[in-house]
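Heads up, the sequence shown is in the numbering used here, so the first residue is 17 and it goes up one at a time.
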Amino acid sequence: MKVVRTACRGCHGVCQVLVHMDGERVVKVTGDPESPTGRGYLCPKGAAAPDLLYHPDRVTYPMRRKGPRGSGDWERVSWDEALSEMAGRLADLKQDPGTEYFGMAQGTGRPYTNFTSRFAHAYGTPNFTGVAHLCYMPRWLASVHTLGQLPICDFYGFGGTTPRCIVIWGCNVTETGASDGMCGGTVERAIRQAEKVIIVDPRRVKPTRDADHWLQLRPGSDGALALAMINTIIGEGLWDREFVEGYTAGFEELAAHVEPFTPAWAAPITGLEESEIVEAARAYATCAPAAMLWGNAVDMSACNYQTARSLLILRAITGNIDRPGGDVLWVPPEGVRQRSLFMNLEVAGLQFLTKDKVGRAVDAGTYPLCAITHAPTFWRSIATGDPYRMRALWIVGSNPLLTQTHSDEIERALDALEFTVVSDFFLTPTAQRADLFLPAATWLEQDDVANLHKIWCVLARKSVARLGEVRDDRDVIIELAHRLGLEEAFPWPDLRSYFDWVLQETGMDFDEFCERGILTGEMRYHKYRESGFVTPTGKLELRSTILEAMGLEPLPVYREPPMSPVSTPDLAREYPLVLTTGAKIRGFFHSEGRQIERLRRRNPEPLVEIHPETAADLGIEDGGCVRIETPEGSVEMVARLTDGIRRDTVCAQHAWWFPEEPPPDHGRRRSSVNALFGDTEYDPDTGSEPLKCSLCRVRKAH
Ligand SMILES: Nc1nc2c(c(=O)[nH]1)N[C@H]1C(S)=C(S)[C@@H](COP(=O)(O)OP(=O)(O)OC[C@H]3O[C@@H](n4cnc5c(=O)[nH]c(N)nc54)[C@H](O)[C@@H]3O)O[C@H]1N2
Ligand SMILES: Nc1nc2c(c(=O)[nH]1)N[C@H]1C(S)=C(S)[C@@H](COP(=O)(O)OP(=O)(O)OC[C@H]3O[C@@H](n4cnc5c(=O)[nH]c(N)nc54)[C@H](O)[C@@H]3O)O[C@H]1N2
Ligand code: SF4
Ligand SMILES: [Mo]
């Protein structure tokens, strides 16, 4: 037996772990008690990593479709054949009709993401889609525009204190196991130490038990609540004079702008009592230092970027930015070249894609703050050929048939493409429709200088296994880039030399780094006192000059969800329940893990949470089968009754498929909640979709 120290990547986590090996075989993963990031923490997804690694359904060599698309008839090919075919097709497209006829789609943040965007840019396609409009981009861009960098809760307390007050806004960290580059264990410890906890969530999440305020708002009304809290704090003079006067711009305009947005205005919109809003605002503003942990719920609305701006403004006017125990701007480790895209736009390559969009991208000019190609527009353009039809597509680490909206349209798009490549571990419903399948390495099969988004350290990840011919996605991208003559963008002969380059200025190579395990930045607080903020005015911009220059609202506004009891009362009579989806569950990562028995056992069926009184009115029992219906479609789920949810709201799990059922669909039509979403008004800035705040009706299935 031997034990290898490495870093888990079962999610966006930062858990350093110990991998227990019996000879060549991985037998167990445990938390590393000596890790400063995880301190021994491990979640069920991390513990199940060996089950993923050795799963009998995993595909471990490249395959080419033999029979008709979706027939499940594949033949094994070599990497050389697979990459020759890809390179040949891409070179041909470049000649005629042009590079924009090749598109790329990726999933959530994974180690490959800076390689995929770099590859798309180097090859020259502006058609690069993903999930960013639903996930993180709104919060990240709002942060970059408002103060230059994403602020993170100071739960480590390097400045001698952790937060006295913690706000958890639409975030479910005890389920996800990690959030904002912090380990769930660290967050839970900080919550236990805090004097005041404020939860903003329509559902009872675990920390609600210790909360002083639980604002159980109507889904999607977050923007109204945030504005009313700003109104209260300014109106009652609870703002931090030193910070606001010294380091922010636009306070006078903000104060005038929020005057109408009183708690009395927000109460009927949010479904909260006026007094609840006032008391929470007072508690937040008077208990310092305070930190606000925000989650995915902020991203999925018709008002996500604007709401994120309001939440940044709340942190700023209370003086909590970059103060010990507040919301801080991490200092990354010195000399590590792979800086995080959450700290620096340049690294992402995304701003280049945005520029290239004009005229050539299928979504040219539609959503000014969507750094990727707007996903619904991307898929529609392929399905309909409007404005033109891409010919070839590479999907890297995503299962859009399950995780994106417009599932039927995506299916039509996949059928309409001439050549689709999917890189994955399994033949998912999406991969079943590919022409070429490329087997990817799991984190146990990967080396990495793990730069986890937005944190003060990088972690060493060390490959401990390799099944069949699986390859790291980045290694594949380097080889393909070289075959296409894109050495300028990918100057490294192989992945290992890339890591050595990343570490070069630290004076270490990858092996030495692995010995060390972690490199940390040296935290300094109140950095703005010397250097200001990285914005056009050098101040934290309460009123945004960037937005003004773009012709967007420079002061935060609230917009109702496109379908809601307020915006579409007629529709709400037919579909009387508010639908929120995809509150993350502990055992599954989106559409992943359904084939892993120890995870599936925790949650064998797709669940929808319903309040017992609402269920009683509908004749629905706990464990009973129900249909959820929207104007777009209907799915079947199992009811879980809980009084921890608003009576007018139901919460449905997302991304369900059944690997045990026959291909190519694996039962995805039955319960995939994203089939319930189709055309809608998108957030006009980011193109986001109301996955956390729509309408539905629910009835007993049989
Ligand atoms: N209704 C609803 N829909 C949602 C959400 C919601 O809350 N509600 N949440 C949204 C959010 S926040 C996100 S981020 C998206 C996620 O969307 P996706 O990223 O598409 O979701 P996953 O199911 O994780 O799909 C990833 C696929 O990639 C494979 N994979 C995992 N790691 C790797 C890797 O390193 N390399 C390769 N090549 N493949 C890999 C997995 O096996 C899986 O099949 O879903 C969104 N969809
Ligand atoms: N186990 C596991 N971990 C994961 C993932 C996973 O799929 N599984 N996915 C990863 C990814 S890509 C992401 S983005 C993160 C997301 O993780 P989080 O940021 O925690 O987001 P969610 O779990 O989608 O939703 C958080 C909370 O928002 C609440 N909520 C729903 N609607 C609203 C609303 O309108 N307003 C407010 N204020 N709250 C609302 C839900 O009840 C839920 O408790 O998790 C990551 N970690
Ligand atoms: S929280 Fe994420 S990184 Fe940590 S053990 Fe779980 S899957 Fe791994
Ligand atoms: Mo996400």
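Glycine included, C-beta positions come from ideal geometry on N, C-alpha and C.
Reducing DSSP to helix, strand and coil, say where residue i ends up.
i	result
residue 633	helix
residue 363	Here the model assigns residue 363 a pLDDT of 46, short of 50, so the residue's position is not dependable, and the following value carries that caveat. Here residue 363 sits in helix by DSSP.
residue 332	helix
residue 490	helix
residue 472	coil
residue 24	coil
residue 517	helix
residue 542	coil
residue 168	strand
residue 440	strand
residue 199	strand
residue 604	coil
residue 555	coil
residue 435	strand
residue 700	coil
residue 273	helix
residue 688	coil
residue 716	strand
residue 6	An answer regarding residue 6 cannot be provided, because it is not within the stretch 17 to 718 covered by the chain.
residue 369	For residue 369, the pLDDT reaches just 48, beneath the cut-off of 50, and the residue's location in the model is therefore unreliable, although a value from the coordinates is still provided. If DSSP states are grouped into helix, strand and coil, residue 369 belongs with the helices.
residue 110	helix
residue 316	coil
residue 423	helix
Would you tell me roughly how many angstroms separate the C-alpha atoms of residue i and residue j, rounded to the nearest one?
i	j	result
residue 139	residue 393	21 Å
residue 175	residue 309	18 Å
residue 361	residue 473	Residue confidence is low: residue 361 scores 48 on pLDDT, short of 50, so the model does not pin down where it sits. Its coordinate-derived value is still stated next. Cα to Cα, residue 361 sits roughly 19 Å from residue 473.
residue 205	residue 538	22 Å
residue 712	residue 689	11 Å
residue 133	residue 121	10 Å
residue 523	residue 529	10 Å
residue 584	residue 234	15 Å
residue 195	residue 580	29 Å
residue 257	residue 264	10 Å
residue 271	residue 297	16 Å
residue 46	residue 625	32 Å
residue 249	residue 482	56 Å
residue 75	residue 412	15 Å
residue 364	residue 131	Note that residue 364 scores a pLDDT of 47, beneath 50, so its modelled location is shaky and nothing firm can be said.
residue 740	residue 601	Absent from the model: residue 740. The displayed extent of the chain is 17 to 718, so no value can be given.
residue 680	residue 484	24 Å
Could you round the C-beta distance between residue i and residue j to whole angstroms and report it? I think they count as a contact, below 8 Å.
i	j	result
residue 720	residue 322	For the chain, the structure presents residues 17 to 718; residue 720 sits outside this window and is missing.
residue 622	residue 654	7 Å
residue 30	residue 199	5 Å
residue 636	residue 668	Not a contact, Cβ separation roughly 14 Å.
residue 618	residue 417	Contact doesn't hold; Cβ gap of about 24 Å is too wide.
residue 293	residue 241	7 Å
residue 465	residue 519	6 Å
residue 127	residue 534	Contact doesn't hold; Cβ gap of about 17 Å is too wide.
residue 146	residue 382	Wrong, their Cβ atoms sit about 16 Å apart, outside the cutoff.
residue 729	residue 384	Nothing in the structure corresponds to residue 729, since the chain is present only between 17 and 718.
residue 536	residue 349	6 Å
Please name the residue in the options whose C-alpha comes closest to that of residue i.
i	options	result
residue 665	529, 596, 610	596
residue 245	582, 225, 300, 518	300
residue 116	556, 477, 503, 407	407
residue 217	189, 197, 211	189
residue 715	402, 590, 427	590
residue 527	565, 165, 475, 324	475
residue 290	66, 232, 672	232
residue 238	178, 384, 215	215
residue 438	428, 445, 452	452
residue 609	642, 557, 670	670
residue 387	137, 81, 602	137
residue 707	694, 553, 285	694
> Any chance the region 535–550 sits against the region 493–502, with 3 or more Cβ pairs inside 8 Å?
Replying inline: no
> Do the region 480–490 and the region 450–466 meet, that is, are 3 or more Cβ pairs less than 8 Å apart?
Replying inline: yes
> Does the count of Cβ pairs from the region 133–151 and the region 372–390 closer than 8 Å reach three?
Replying inline: yes
> If we count Cβ pairs, one from each stretch, closer than 8 Å, do we get three or more for the region 147–165 versus the region 58–74?
Replying inline: no
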